[in-house]
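Only one structure is covered here, and it is reproduced in the block below.
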Amino acid sequence: MTATIARRYRGRQRVKDRFISIFICIFALVWIFPIVWTLWSSLRPYKEIRANGVFSVPESIGFGNYSTAIERMDLPTYLWNSLIITAPAVFLTLLFGSVTAFVVSRYSFRWNVSMLLLFTAGNLLPPQLVFIPVFKAYLTVGDWLGNRRLFYDSQWGVVLIHVAFQMGFATFVLSSYMKTIPKEISEAAKVDGASVFRHYWNVMLPLLRPPLASLAVLMTTWIYNDFFWALVLMSNDSKRPITSALGRLQGEFVTDYNLLAAGAMIAALPTLIVFFILRRQFISGLTLGATKG
Amino acid sequence: VAAGDRDDPAVVHVLDRDQLLRHHLGRGRQLREHLLLDAGLLRRAAQQRDLARWFFLIATPLGVLLAYQIDREIRGHRFYQSAYYIPVVLSLAVTGIIWNFMLRPDGFVNGLLGRDIDNAVSFFGNYDINIYVIMVMASWRHIGYIMLLYLAGLKAVDPALREAAAIDGATEWETFRKVVLPTMRPVNIIIVVITMIESLRAFDMVYVIYGTSAGLPILGILVFQNIAGEGASMKGAAYAVILFVLSIGPIIAYLRQQFRQDVS
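Structure representation (structure tokens):
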């Protein structure tokens, strides 16, 4: 009896599902259309579009815009800048995050929860809000140490602010993961006389590999994609990462817009590659801490 | 008006419009002094409200709906999941350029409308239209994000619950509203909070279109506009405080939800 009703329910559902999937399919195509259109435009010379209109049949298609963009926009330099900001920032975030999470979840002390709260709260504030104090602090601390440009307008200043911003999230995710690891493992380590560092490095860290991988993927995309901090904390354009540089290039290459499309596609490439290769880690990382603002 | 503000053409423009508005109201300075607010601030508040409304009533429910349908593993659901999520992976700097391609005077949408450059619709320049442009662009990212978060939540709902509801003769909508939604309470709260935070964060979206000289006075951009450079004016700090007060509520709600399971 129950089985028949369930079967009838599924049968009706199948018809409905077909309509729904058609709708979702069309919607999905609309969703990726802007990207596809930009990609298409980047393969055509702007002159042609100017002369024949947006929908004109292409006379020449090729990667000409790409090679020109790499050459004229100095993209390799900017990509390199992105790398030397993103790599240390991700590494330090994971290092500090895992250390903090380890202490907070394995050694109880009084301010455990309030510390985690503070970290996470700071992480959610809009960056423009924190910008004034950070900017002033960078200049002041730099003056104290005798070099105004120590943090301001330096790659390390940007790395530092990324670490500060992302560490709360990393700590939160890692500490909730650590809570699922049985306490007995830690107790065994302590009984065997392992030092705190050994306990962290040889016992906990290997167990943290899955969340660390997910976080590394997420952090890489977030830090690579950010353009705000590099924009406000650096005054020298040649030091900026590619995402911040795109803003300036947008003004400069306004006369050859398809060239800019090629530049944008190159800037998007690293994150797209990371997303498609490590899609599983990416999604599990995002849902590990349930969310991030 | 601080001297620094006059240097910025966008601010001057906003002020001109406000003066025009006040002239039309026929109230002038009196009203402004009486309310201790200028008309511009009221208009900003209204735009911020419209943006929040759009996020809550259209964008977020759409993301939830997509998640609900994709969760039933319709054919090609993995492709759809990626398609909706790609915009979230892209940097905002790239997003700005992509949408410029759609909406610029010789772009796709104007081409579709059959307008050439000389009488194209100015999507970015027209004050009445650009709030909608922001809404569309922000939703492009927001919906995919919500979809993915909700999808993860739905995976945790026991399928037996839905089966039971179907056998009891509940329609799809009833099942969702009375069975699925209540069991998803923690995720729902997170989604609401994220939506609030996102609508306050629209700064980034405005920035990629307009640069610092913003046409659209969202709170975030006002903070930036008034503090950029070392000659920071206190007006920027004041806007920052408003933004802080608006942000802290949702953040506290979010943290309470997150740490409830954690502490117990």
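Keeping their order, the protein sequence lines are chains A and B.
Sequential numbering of the first sequence, starting at 1, is according to the numbering used here.
Sequential numbering of the second sequence, starting at 294, is according to the numbering used here.
Where a beta carbon is used, it is the ideal one built from N, C-alpha and C, also for glycine.
Could you tell me the alpha carbon to alpha carbon distance between residue i and residue j, rounded to whole angstroms?
i               : j               : result
G522 of chain B : M219 of chain A : In this prediction, G522 of chain B has a pLDDT of 47, which is less than 50 and means its spatial position is unreliable; what the coordinates show is noted afterwards. Straight-line Cα distance between these residues: approximately 29 Å.
V30 of chain A  : L174 of chain A : 37 Å
E187 of chain A : A216 of chain A : 29 Å
V163 of chain A : I20 of chain A  : 43 Å
G356 of chain B : Y257 of chain A : 32 Å
L509 of chain B : D343 of chain B : Annotation note: pLDDT 45 at L509 of chain B (below 50); position unreliable, no value reported.
D309 of chain B : N419 of chain B : The pLDDT assigned to D309 of chain B is 43, lower than 50, so where the model puts this residue is not dependable; a value taken from the coordinates is nonetheless given after this. D309 of chain B and N419 of chain B: Cα-Cα distance of roughly 15 Å.
V113 of chain A : G97 of chain A  : 15 Å
S506 of chain B : E252 of chain A : Because S506 of chain B sits at a pLDDT of 40, beneath the cut-off of 50, its placement in the model cannot be relied upon, and the following sentence gives the value as read from the coordinates. Their Cα atoms are separated by approximately 16 Å.
K239 of chain A : S154 of chain A : 8 Å
A261 of chain A : T388 of chain B : 11 Å
A463 of chain B : P354 of chain B : 21 Å
T68 of chain A  : A352 of chain B : 39 Å
D409 of chain B : D364 of chain B : 43 Å
P543 of chain B : Q341 of chain B : 15 Å
L269 of chain A : M430 of chain B : 20 Å
L396 of chain B : W347 of chain B : 20 Å
V294 of chain B : L406 of chain B : Only weak support exists for where V294 of chain B lies, its pLDDT of 31 falling under 50; the value from the coordinates is given anyway. Taking the straight line joining both Cα atoms gives about 42 Å.
L330 of chain B : L539 of chain B : With a pLDDT of only 46 at L330 of chain B, under 50, the local geometry of the prediction cannot be trusted, and the value read off the model is given with reservation. In a straight line, the C-alpha of L330 of chain B is about 18 Å away from that of L539 of chain B.
R320 of chain B : I35 of chain A  : In this prediction, R320 of chain B has a pLDDT of 42, which is less than 50 and means its spatial position is unreliable; what the coordinates show is noted afterwards. Going by the C-alpha atoms only, they are around 48 Å apart.
L233 of chain A : F275 of chain A : 28 Å
L43 of chain A  : A345 of chain B : 38 Å
V196 of chain A : L207 of chain A : 16 Å
I223 of chain A : V90 of chain A  : 8 Å
R12 of chain A  : L350 of chain B : 30 Å
A245 of chain A : R434 of chain B : 22 Å
I277 of chain A : I85 of chain A  : 22 Å
W40 of chain A  : Y425 of chain B : 26 Å
M73 of chain A  : N236 of chain A : 16 Å
P45 of chain A  : R470 of chain B : 52 Å
H199 of chain A : L75 of chain A  : 44 Å
I283 of chain A : P380 of chain B : 14 Å
I545 of chain B : T100 of chain A : 22 Å
L145 of chain A : K136 of chain A : 14 Å
Along chain A, which residues have their Cβ under 8 Å away from the Cβ of residue i?
i               : result
R368 of chain B : S21
I422 of chain B : The contacting residues do not exist; I422 of chain B stays about 18 Å from chain A at best.
W392 of chain B : P34
L359 of chain B : I24 and F27
Y373 of chain B : I24, C25 and A28
I482 of chain B : Here the premise fails: no neighbours, minimum Cβ distance about 10 Å.
Name the chain B residues whose beta carbon is nearer than 7 Å to that of residue i?
i               : result
F55 of chain A  : G404
F275 of chain A : V382
W41 of chain A  : In the sequence on display, residue 41 of chain A carries Ser and not Trp. Under the 7 Å cutoff, chain B gives F394.
Q250 of chain A : I390
T221 of chain A : V382
T171 of chain A : Result: empty, since nearest Cβ-Cβ is about 12 Å, beyond 7 Å.
L260 of chain A : I390
So which residues on chain A does residue i lean against when the C-beta distance must stay under 7 Å?
i               : result
F401 of chain B : W37 and V54
M548 of chain B : Rather than Met, the amino acid found at residue 548 of chain B in this sequence is Leu. Within 7 Å Cβ-Cβ: L117, T120 and A121.
S432 of chain B : None at all; the shortest Cβ gap to chain A is about 10 Å.
Y377 of chain B : A28 and W31
For residue i, go through chain B and note every residue whose CB falls closer than 9 Å to its CB, in chain order.
i               : result
A51 of chain A  : Chain B residues near A51 of chain A: none, gap ~11 Å exceeds 9 Å.
S67 of chain A  : By Cβ distance, chain B contributes nothing, its closest Cβ being about 19 Å from S67 of chain A, past 9 Å.
N225 of chain A : V382, L383, S384, L385, A386 and V387
Name the chain A residues that come within less than 9 Å of residue i, Cβ to Cβ?
i               : result
Q340 of chain B : Those within 9 Å of Q340 of chain B in chain A number zero; the least Cβ separation is about 17 Å.
R365 of chain B : Q13, D17 and I20
Going by the beta-carbon positions, is the gap between residue i and residue j smaller than 8 Å?
i               : j               : result
V485 of chain B : Y443 of chain B : no
L548 of chain B : A121 of chain A : yes
I367 of chain B : I32 of chain A  : no
F228 of chain A : P127 of chain A : yes
A213 of chain A : Q281 of chain A : yes
L441 of chain B : Y378 of chain B : yes
F119 of chain A : T180 of chain A : no
L454 of chain B : T488 of chain B : no
P88 of chain A  : V159 of chain A : yes
N225 of chain A : T271 of chain A : yes
Q550 of chain B : I490 of chain B : no
F401 of chain B : W37 of chain A  : yes
S82 of chain A  : I266 of chain A : no
Which residues in chain B have a C-beta closer than 8 Å to the C-beta of residue i? List them in chain order.
i               : result
T255 of chain A : Correct list: empty, because the minimum Cβ distance to chain B is about 12 Å.
Segments assigned alpha helix (DSSP H), at least 4 residues, entirely inside the stretch 421-492 of chain B: 452-460
In chain order, what are the residue ranges of uninterrupted alpha helix (DSSP H) at least 4 long that sit wholly in the stretch 62-117 of chain A? 64-72 and 75-106
Can you list, in chain order, the stretches of the alpha helix (DSSP H) that have 4 or more residues and sit fully within the stretch 118-165 of chain A? 127-144
Can you list the alpha helix (DSSP H) stretches of 4 or more residues lying completely in the stretch 185-271 of chain A, in chain order? 209-225, 228-233 and 242-252
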